[in-house]
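K.L.:
I'd like to ask some things about the structure below.
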Amino acid sequence: MNEMFDALTLARWQFGLTTLYHFIFVPLTIGMALLVAILQTLWVRTDQVKYLRLTKLFGRIFLINFAMGVVTGIVQEFQFGMNWSNYSRFVGDIFGAPLAMEGLIAFFFEATFIGLWIFGWGKLPKAVHAATIWCVWIGTVLSAYFILAANAFMQNPVGYELNAERGRAELADIGAVLANPVAVTQFPHTIFAAVMFAGVVMVAVAAWHLQRRQYVDEMRTALRFGAWTNILGFAGAGLTGHSLGMVMTETQPMKMAAAEALYENASGADASFSVFSLGTPDGAHEIFSIRIPYLLSFLSNGTFDGSVEGIRDLQAEYTELYCGGGDALLTCPSDGQFAPIIWVTYWAFRWMIGLGAIAALVSAVGLWITRKHIERPKWVWKVAIWTAPIPMLASLVGWVFTEMGRQPWIVFGVMTTEQAVSPGVPGWAVLVSLIVFTVVYGALAVVEFTLITRAAKEGPPEIAEDANGEPDQAQLGTVY
4 MNEMFDALTL ARWQFGLTTL YHFIFVPLTI GMALLVAILQ TLWVRTDQVK
54 YLRLTKLFGR IFLINFAMGV VTGIVQEFQF GMNWSNYSRF VGDIFGAPLA
104 MEGLIAFFFE ATFIGLWIFG WGKLPKAVHA ATIWCVWIGT VLSAYFILAA
154 NAFMQNPVGY ELNAERGRAE LADIGAVLAN PVAVTQFPHT IFAAVMFAGV
204 VMVAVAAWHL QRRQYVDEMR TALRFGAWTN ILGFAGAGLT GHSLGMVMTE
254 TQPMKMAAAE ALYENASGAD ASFSVFSLGT PDGAHEIFSI RIPYLLSFLS
304 NGTFDGSVEG IRDLQAEYTE LYCGGGDALL TCPSDGQFAP IIWVTYWAFR
354 WMIGLGAIAA LVSAVGLWIT RKHIERPKWV WKVAIWTAPI PMLASLVGWV
404 FTEMGRQPWI VFGVMTTEQA VSPGVPGWAV LVSLIVFTVV YGALAVVEFT
454 LITRAAKEGP PEIAEDANGE PDQAQLGTVY
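One point on numbering: in the numbering used here, the residue at position 13 of the sequence shown is 16, and numbering is uninterrupted.
So, in structure tokens, the structure goes:
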């Protein structure tokens, strides 16, 4: 029981929960900014008012979500100093660089153009104003890349030197940090996942109105646009996920072994992927499974005859490398175990793939049944509405896999998680802050859901036209 309330365990729970909560808003911001930019561009190119109305509707949802993301994201930086001061001191010189770039370059770029977009309606030329929301989207993806580069250093530390005299890692090559292979492959995977989430949110909003036969022309367009977005996003996430898996096998072979609960080395047909498996409580022995031969080899190496290292051999290799009393700093866990929690990584990997596939399947069915008309039973629309959170859940369990699969490291091969926690911070202090964060974030969740639901149910605004058939410029500037 005491282990459940020690500072390390509570600090991990706090950072994990607040990070996952913050990440709810990140993919919707990235994906919705892109979809709004496309909708506004379609209005500029076609002069069809329905695209303008959809831009206004989903633009409101984007802004609400963006504001909440900023509020919840601020907390993350504080936690590095509160609960993880050893980590901040040890690798802050490297980890802080891409985070500083995110704040000083990407976020200010993004915020500047959000202001121009909000207040530029009816004041800037149509094409110029549409360009501002594209700049907002560019800012969101730049922000995502810098943050992913910081996270990639934790997965695959590069561009640094260990200063044994000062007992810390120091930045040696910022270019290597930014061009980290993990960041380069993780970035498009994350963007495609964000596009999926935004697409199904658009589908859910459209389905709610189509169920009530409201704004039929606009909402049929939104539903099909969102469904295609989700399907294309899933295809992109799958392709980039395969590339990321191969990089992960090269840089973190233990994580791939844990994803399959593979204890012994395997190759060729034996390197199979289990769609479903039952095993002993410790996960070391399989009782029953449904397997696809060669698939794990393909996911890991891109070939069907490659080999995949197992947990036991990797454990022995890491023990010799990191616990042998060499010159490496802060690398041997106190219990000597280098494998993560197997059942967490195993099922998180499958839930990530499965949830994404379910969302894409629902979108494909939606495209088929709405290809000619939208007269459908109410349960059809309810399924579309309740599909909305599925890609978000896929992203969240994907991050659980990414972070939990790295354990026991906070920086792979350089520093363990237990060595990163702040010294002298009692468990009760972390528990108090965890409870406060949970209560505050719970309240913010209610506010976020209420505001977005209200905006979605209000539907697209009515936009009057002037004598030339153009949207009234005065009204354009007052919708927000």
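Positions of the beta carbon are idealized from the N, C-alpha and C atoms, including for glycine.
1) Using a 10 Å radius around the Cβ and a threshold of 16 neighbouring Cβ atoms, would you call Glu267 buried or exposed?
2) In the DSSP output, what is Thr499 paired with across the bridge?
3) State whether the segment 228-242 contacts the segment 359-374, with contact taken as three or more CB pairs (one from each stretch) at a distance under 8 Å.
4) Could you give the distance in angstroms between the alpha-carbon of Phe237 and the alpha-carbon of Trp402?
5) Using the three-state DSSP reduction, which class does Tyr163 fall into: helix, strand or coil?
6) For Gly202, count neighbouring C-beta atoms within 10 Å of its own C-beta (all shown protein chains included) and say buried if the count is 16 or more, exposed if not.
7) Would you identify the three-state DSSP class for Val424, choosing helix, strand or coil?
8) Tell whether a beta-carbon distance below 8 Å holds between Val417 and Thr322.
9) Give the DSSP bridge partners of Val269, in chain order.
10) Which same chain residues end up closer than 7 Å to Pro337 when comparing Cβ atoms and leaving out the 5 residues on each side of it in sequence?
11) Excluding the 5 residues preceding and the 5 following Ala423 in the sequence, name in chain order all residues of the same chain whose CB lies nearer than 6 Å to its CB.
12) Using a 10 Å radius around the Cβ and a threshold of 16 neighbouring Cβ atoms, would you call Lys385 buried or exposed?
13) Between Ile344, Thr12, Gly239 and Asp220, which has its C-alpha nearest Val198's C-alpha?
14) Return the first residue and the last residue of the alpha helix (DSSP H) that Ala114 is part of.
15) Taking the alpha carbon of Glu465 as the reference point, which residue from Asp9, Tyr54 and Val29 has its own alpha carbon closest?
16) Please name the residue in Leu235, Leu119, Leu57 and Glu253 whose C-alpha comes closest to that of Leu184.
17) From what residue to what residue does the beta strand (DSSP E) around Arg171 run?
18) If we ignore side chains and look at the alpha-carbon of each, how far apart do Phe149 and Lys381 end up?
19) If I'm right that Leu174 touches Ala100 with Cβ under 8 Å, what's the distance once you round it to whole angstroms?
20) Cutting at 8 Å between CB atoms, please list the residues of its own chain near Pro343, excluding the five before and the five after it.
P.N.:
Reading off the structure:
1) As a working mapping, residue 267 is identified with position 264 in the sequence shown. Exposed, by the Cβ-count rule.
2) Residue 499 lies beyond the range of the chain shown here (4 to 483); nothing can be said about it.
3) yes
4) Indexing the sequence shown from 1 puts residue 237 at position 234. Indexing the sequence shown from 1 puts residue 402 at position 399. Computed Cα separation, rounded: 17 Å.
5) In the sequence shown, counting from the first residue as 1, residue 163 sits at position 160. Strand at Tyr163.
6) Sequence index remark: in the sequence shown, residue 202 carries index 199 (1-based). Gly202 comes out buried.
7) Counting from 1 along the sequence shown, the entry for residue 424 is found at position 421. Val424: coil per DSSP, three-state reduction.
8) For the purposes of this step, residue 417 is taken as the residue at position 414 of the sequence shown. For the purposes of this step, residue 322 is taken as the residue at position 319 of the sequence shown. No, Cβ-Cβ distance for Val417 and Thr322 is not below 8 Å.
9) For this step, residue 269 is matched to residue 266 along the sequence shown. Per the sequence shown, residue 269 should be read as Ala rather than Val. Looking at the DSSP assignment, Ala269 forms a beta bridge with Val311.
10) One-based indexing of the sequence shown puts residue 337 at position 334. The residue asked about is misnamed: residue 337 is Ser in this sequence, not Pro. These residues qualify, in order along the chain: Glu421.
11) Locating residue 423 in the sequence shown gives position 420, counting from the first residue. Correct list, in chain order: Trp87, Asn89, Tyr90 and Ile413.
12) Position 382 of the sequence shown, counting from 1, holds the residue named residue 385. So Lys385 ends up on the exposed side.
13) Here residue 198 refers to the residue found at position 195 when the sequence shown is read from its first residue. Checking every option, the nearest Cα to that of Val198 belongs to Gly239.
14) For the purposes of this step, residue 114 is identified with residue 111 of the sequence shown, where counting begins at 1. Per DSSP, Ala114 belongs to the alpha helix (DSSP H) from Phe111 to Phe122.
15) Your numbering for residue 465 matches position 462 in the sequence shown. Comparing Cα positions, the closest option is Tyr54.
16) In the sequence shown, the residue the question calls residue 184 occupies position 181. It should be noted that the sequence gives Pro, not Leu, for residue 184. It is Glu253.
17) Position 168 of the sequence shown, counted from the first residue, corresponds to residue 171. Note, Arg171: beta strand (DSSP E), Arg171 to Leu174.
18) Translated into the one-based positions of the sequence shown, residue 149 becomes position 146. Translated into the one-based positions of the sequence shown, residue 381 becomes position 378. Looking at the two C-alpha atoms, the distance is approximately 44 Å.
19) Taking the first residue of the sequence shown as position 1, residue 174 is located at position 171. Taking the first residue of the sequence shown as position 1, residue 100 is located at position 97. Going by Cβ atoms, the distance from Leu174 to Ala100 rounds to 6 Å, so yes, they are a contact pair.
20) Position 340 of the sequence shown, counted from the start, is the residue given in the question as residue 343. Excluding sequence neighbours, Pro343 sits near Met257, Lys258, Ala261, Met407, Gly408, Arg409, Gln410 and Pro411.
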